[in-house]
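Quick note, in our numbering, the sequence shown goes up one by one and the last residue is 424. Ideal placement from N, C-alpha and C gives every residue a C-beta, glycine not left out. Here the structure is a predicted model, which is why all the values come from computation and not from measurement. Below you'll find the structure, written out as structure tokens, and then a few comments.
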Amino acid sequence: MKKRSRQQSAQWRSSRRELLRSLGALAVATVASGCTTFAAAPRRSYDVVVVGAGVFGIWTAYKLHMAGRRVAVIDAVGPAHSGASSGGESRVTRCGYGEKEIYSEWAWRSIGEWQALSARSGLPIFHPMGVLWVHTQPSELVQASARVLSRKNIPFTLLAADELRRRYPVMRVGSDEAGFLEPAAGALMARRAIQSLASELKANGVTFLSGAVTPIQAEQGEHGALPAVITKSGERIDAEQFVFACGPWLDRICPDAMANRLFVTRQEVFFFSVDAGATGNLPVWADLPFYGLPSLEGRGFKVANDTHGPPMDPSTSDRRASAAGEEEARAFLARRFPSLAKAPLSETRVCQYENSSSGDLVIDRHPGLENVWLVGCGSGHGFKHGPAVGSHIAELVAGTAKPREPFLIASKLRQQDRAVQ
Ligand SMILES: Cc1cc2nc3c(=O)[nH]c(=O)nc-3n(C[C@H](O)[C@H](O)[C@H](O)COP(=O)(O)OP(=O)(O)OC[C@H]3O[C@@H](n4cnc5c(N)ncnc54)[C@H](O)[C@@H]3O)c2cc1C
């Protein structure tokens, strides 16, 4: 492939855009003159096409739209569908990430945008109910989180065992345990958030297309840039730049960049029939590897295990939760929330984490296509960062930021060694 400088490529793309516009005008003119039934409709052409309408794709589309770009979003099924990683009922947002300061910063910045989205939507999207980590002392993760949050003026409170028992009598607390409470954090209504933002974008003129995009390879590049994506039904969609935000399918659609760098694991979630009243003012809680929420909007007491489950195929795997998973969740309840251990199971879900080797997100340029950006590897913690991720991609697309660690594809290994909690 003939290499060109970035500037040459940008000029080439700009002339190409002009040419496409003229072709479109010509097609319209030919049809209007009645001389031909010009079979090929003018190609659709956008500034940026975003493939994938999960949390990363939708916030990217939002930020690009706000920056004045003509954006189209294409999804194989639709925003936050039931098989997508963003399709769950609720997600936790918290800022404590040990020493991983970038995630504390992005989570904190994103909370403001989730609040704003919540305020302009008909139903709540962000429940600022606080997030509590219960841990055995001393915990390096908690100490490091406290240092980072103090530096960044993000509020938190340390709670001794007695105070935990007084505030949250539903919890059994050992004398060597303590709490790390983030009062400004809380829970996000995941599916509702994505679908609300998608509706808002549609109402504001952003194009939404339905269809699976076929995989891309560096060889498809013209002068190092991807000219278009093709849907499985054969439609061609042109754009200046492309963002692939395909969640657990990212390795399939961008195999030369992501093959063997994405570890998709099966994660089970259990909801128990427990009234919110029975858990008092309990916030979102984490007692790793378990975490969960009190009954939010009447959904039931949520318990999930953050340990990576077995590999899973996001398209074909069975999504029935296992009896063993329920037993583990109940054994956990018996230890930490004994009065809830026998509560009836009201609902289960099987979702997937799309993990990178370290747990760090991927936000980077495709190694062989200079106008293609890849975003994903939420690794079980990505949802909360949606707004900040969208801003970063909008800057990459505009050329005002450069790809950076810890998000580079090159730093993602072919075997897992989880470093982000
Ligand atoms: C059980 C569970 C609990 C979690 N808890 C939390 C939490 O508490 N806090 C938190 O911050 N994060 C959490 N996460 C992680 C977070 O939900 C995910 O990392 C995030 O939702 C991933 O979003 P995404 O946009 O990358 O992918 P997705 O939401 O999966 O979206 C990808 C989209 O791409 C589309 N697509 C794929 N291939 C194609 C194609 N070829 N053509 C067109 N479209 C295509 C799909 O249809 C899909 O809609 C959790 C995840 C799970 C599973």
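Where the beta strand (DSSP E) through residue i begins and ends
i	result
residue 241	239-247
residue 126	Neither: residue 126 is in no beta strand (DSSP E) and is coded neither H nor E.
residue 133	Segment: none, residue 133 is in no beta strand (DSSP E) and carries neither H nor E.
residue 269	266-275
residue 369	365-369
residue 182	180-185
residue 198	That residue, residue 198, is in no beta strand (DSSP E); its alpha helix (DSSP H) goes 193-206.
residue 176	Premise fails: residue 176 is in no beta strand (DSSP E) and is neither H nor E.
residue 420	Counting along the chain, residue 420 falls outside any beta strand (DSSP E), and DSSP gives it neither H nor E.
residue 357	348-358
residue 95	93-96
Residue nearest to residue i in terms of C-alpha spacing, selected from the options
i	options	result
residue 335	289, 119 and 406	289
residue 385	97, 65, 86 and 49	97
residue 130	75, 300 and 222	300
residue 159	111, 253 and 83	111
residue 292	424, 417 and 65	424
residue 50	295, 322, 67 and 135	67
residue 102	169, 89 and 147	147
residue 74	415, 400, 157 and 416	400
residue 56	210, 359, 140 and 230	210
residue 171	284, 308 and 369	284
residue 135	294, 141, 157 and 94	294
residue 168	185, 189, 157 and 137	137
residue 358	268, 234 and 175	268
residue 332	321, 344, 204 and 53	344
residue 203	82, 109 and 145	82
residue 393	382, 205, 378 and 422	378
residue 234	338, 53, 328 and 186	53
residue 417	360, 175, 139 and 199	360
residue 381	287, 195 and 252	252
residue 338	166, 197, 177 and 296	177
Rounded Cβ spacing between residue i and residue j (contact assumed at less than 8 Å)
i	j	result
residue 256	residue 249	5 Å
residue 348	residue 273	6 Å
residue 48	residue 242	7 Å
residue 85	residue 58	Rounded, the Cβ-Cβ distance is 15 Å, inconsistent with contact.
residue 184	residue 133	6 Å
residue 406	residue 62	Actually they are not in contact, since the Cβ atoms of residue 406 and residue 62 sit about 18 Å apart, beyond 8 Å.
residue 93	residue 193	6 Å
residue 304	residue 282	7 Å
residue 356	residue 383	4 Å
residue 109	residue 369	Wrong, their Cβ atoms sit about 23 Å apart, outside the cutoff.
residue 91	residue 76	No, residue 91 and residue 76 are not in contact; Cβ-Cβ is about 20 Å, not under 8 Å.
Backbone CA spacing between residue i and residue j [nearest angstrom]
i	j	result
residue 275	residue 121	26 Å
residue 104	residue 127	28 Å
residue 3	residue 180	In the structure as shown, the chain begins at 4 and stops at 424. Residue 3 is therefore absent and cannot be evaluated.
residue 182	residue 117	25 Å
residue 107	residue 263	28 Å
residue 409	residue 245	21 Å
residue 404	residue 278	47 Å
residue 69	residue 232	23 Å
residue 71	residue 213	23 Å
residue 236	residue 310	39 Å
residue 365	residue 153	27 Å
residue 173	residue 306	15 Å
residue 270	residue 319	15 Å
residue 143	residue 78	41 Å
residue 22	residue 371	Confidence at residue 22 is low in this model, with a pLDDT of 47, below 50, so its placement is unreliable and the value that follows should be read with caution. Computed Cα separation, rounded: 24 Å.
residue 427	residue 373	Any answer about residue 427 is impossible in this case: the structure gives the chain only from 4 up to 424.
residue 420	residue 411	16 Å
residue 413	residue 254	14 Å
residue 205	residue 217	24 Å
residue 230	residue 375	10 Å
residue 208	residue 114	26 Å
residue 362	residue 395	18 Å
residue 141	residue 287	22 Å
residue 258	residue 398	25 Å
residue 163	residue 139	11 Å
residue 238	residue 298	44 Å
residue 215	residue 261	18 Å
residue 224	residue 124	41 Å
residue 350	residue 99	29 Å
Residue range of the unbroken alpha helix (DSSP H) whose run includes residue i
i	result
residue 59	58-69
residue 261	258-261
residue 328	326-339
residue 165	164-170
residue 146	143-154
residue 399	389-401
Minimum Cβ-Cβ distance from residue i to chain C less than 9 Å
i	result
residue 275	Annotation note: the requested chain C is absent from the structure, which comprises a single protein chain.
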